[in-house]
Ligand code: HEM
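Numbering (my numbering), first residue to last: 1396 to 1565.
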C-alpha cells in the first residue's frame, strides 16, 4: 500500500515539476509572435501544460502526500520544513496561472528577467524539497522553538505572543 502510494506520489511530482519548469520557457516564446496561428498554437500548448498536466498532477501529488502522512512517520522537523517549501511551490504554481491569461492578449509580454527568475525559483524549490525528503536532515527544533512538538504548545505560544485570544460571539 505504502509503496504503491509512494509510486503515485513520485509520478505526480515528476509531472508537476516538469510542467512548472517548462512553463516559463513557453511564456518566453511569446515575445517572438504576432497575433496568428503560431500564437494560438503556443497559447493552446501553454494552457494544456498548466490546466491539463501540471494542475491535476499537483492535485494528485498533494492528495497522495496527504495520504502518506497517515502511513509514515511525519511528526519530525524535516517534514515541517518540507511542507513550508511545498507551500512556496504551490504559491509559485498560482503565479504561473496568473501570468498565463493576460500573456496571450495583444499586448502580453514576458521578458528575459521573469523567465530566468521564475525558472530558477522552480528549480531551486524542487531541488530543495527532494533534498530534504531524501536526506531527512536532523533539525533540533528545541534550539529555536522549544514547545513546537508538545501537545498544547501552539496555544501557549499564541498566548505568550498575543495575550489572551477570545473568539467573538455575536
Ligand atoms: C502537500 C504536499 C505533499 C505532502 C503532504 C507530502 C507528503 C509526503 C510523505 C508523508 C512522504 C513519505 C515520507 C517518508 O518517507 O517518511 C513523502 C515522500 C516523498 N515526497 Fe512528498 N509530499 C508532498 C509534496 C511533495 C513534493 C512537491 C515533492 C517534490 C518536489 C515531494 C517529494 C517526495 C519524495 C521524493 C518522497 C520519497 C521519499 C522517500 O521515499 O524516502 N513531495 N511525501
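All C-beta atoms, glycine included, are put in the ideal place defined by N, C-alpha and C.
Original post:
Just checking, does the segment 1465-1483 make contact with the segment 1526-1545 on the three C-beta pairs under 8 Å criterion?
Top reply: yes
Original post:
In three-state terms, what does DSSP make of residue 1485?
Top reply: helix
Subject >> Cβ neighbours of residue 1523 in the same chain (closer than 7 Å, five flanking residues each side left out) >> reply: 1480
Original post:
What's the call for residue 1404, buried or exposed, on a 16-neighbour Cβ count within 10 Å?
Top reply: buried
**OP:** Measure from the alpha carbon of residue 1514 to the alpha carbon of each residue in 1414, 1402, 1500, then state which is nearest.
**Re:** 1414
Subject >> Proximal residues to residue 1407 (C-beta, below 7 Å), its chain only, five neighbours per side dropped >> reply: 1452, 1455, 1456, 1459
Original post:
Sorted by chain position, which residues of the same chain lie with C-beta nearer than 8 Å to residue 1428's C-beta, five sequence neighbours on each side aside?
Top reply: 1434, 1437
Subject >> Inter-residue Cα distance where the pair is residue 1493 and residue 1539 >> reply: 36 Å
Original post:
Looking at the unbroken alpha helix (DSSP H) that takes in residue 1463, where does it start and where does it end?
Top reply: 1450-1464
Original post:
Does ligand 1 have even one heavy atom less than 7 Å from the beta-carbon of residue 1534?
Top reply: no
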